[in-house]
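Start counting the sequence shown at 869; every next residue gets the next number (my numbering). Where a beta carbon is used, it is the ideal one built from N, C-alpha and C, also for glycine.
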Amino acid sequence: MDKVFDAITVSGEEGVFQTELCKLFSLDSRDGSRLVGNLEKQSLITREKALYRGRWTYKLVVKKTISIDAEDQKPIDVSMVEGAPCLCCSYQHLCSNEDESNQYSPAKCQIIEEWIVTSFDKFILTQEEQPSEQNLP
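What follows is the structure, encoded as structure tokens:
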């Protein structure tokens, strides 16, 4: 599948016709269609119906990716979720915020509430300590 995706990528914005791709990799139309369908499900490509050499086929184009400059990237801070009770909760499989009548929901959870309050208190304490540390010689 990687080789097929690479071939579509090389075609750039022009794309490649599915029939040509099948010929290139010696695939029958069913296998080619399944392969391309999987790439489409993964949101890697788009398929546009097109008439090619008198027959209907698909034009395959790689979806554009958004490039982010290294300067614009922010570091990931996992400390915000460290100790989150949901990760080891006995009721995780029952918990849902989609059903308001469900007794196990993040909106009604005392454990989450306690964790948030405790985490916020720790955050406030660290914020209060930082300015005094900066003033030391």
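Please state whether DSSP places residue i in a helix, a strand or coil.
i: Arg902; result: helix
i: Glu950; result: coil
i: Glu966; result: coil
i: Leu895; result: coil
i: Leu919; result: strand
i: Lys931; result: coil
Which value, in whole angstroms, describes the spacing of the CA atoms of residue i and residue j?
i: Gln998; j: Pro953; result: 27 Å
i: Leu955; j: Pro943; result: 22 Å
i: Val985; j: Ile992; result: 11 Å
i: Asp989; j: Gln941; result: 28 Å
i: Lys976; j: Glu939; result: 40 Å
i: Cys957; j: Ser969; result: 20 Å
i: Thr923; j: Thr887; result: Note on residue identity: the sequence assigns Arg, not Thr, to residue 923. Each residue's alpha carbon lies about 10 Å from the other.
i: Glu966; j: Val930; result: 35 Å
i: Val878; j: Leu889; result: 12 Å
i: Gln978; j: Val946; result: 22 Å
i: Ser987; j: Gln910; result: 37 Å
i: Glu996; j: Val949; result: 21 Å
Mind checking if residue i is an interface residue toward chain C, Cβ cutoff 8 Å exclusive?
i: Ser987; result: Within the model displayed, chain C is absent; a lone protein chain is all it includes.
Suppose the cutoff is 8 Å on Cβ atoms and the five residues either side in sequence are ignored; what does the same chain contact list for residue i look like?
i: Tyr972; result: Tyr959, Leu962, Cys963, Ser964
i: Glu908; result: Thr914, Arg915
i: Trp983; result: Gly951, Ala952, Pro953
i: Phe893; result: Lys871, Val872, Ala875, Gly900
i: Met869; result: Leu903, Asn906, Leu907
i: Pro974; result: Cys954, Cys963, Asn965, Ile980
Could you round the C-beta distance between residue i and residue j to whole angstroms and report it? I think they count as a contact, below 8 Å.
i: Lys932; j: Tyr926; result: Lys932 to Tyr926, Cβ: 18 Å. No contact.
i: Leu928; j: Gly883; result: 6 Å
i: Leu903; j: Leu912; result: Not really, about 11 Å apart at Cβ, beyond 8 Å.
Among residues of its own chain, excluding the 5 on either side of residue i, which ones have a beta-carbon nearer than 6 Å to its beta-carbon?
i: Tyr920; result: Phe885
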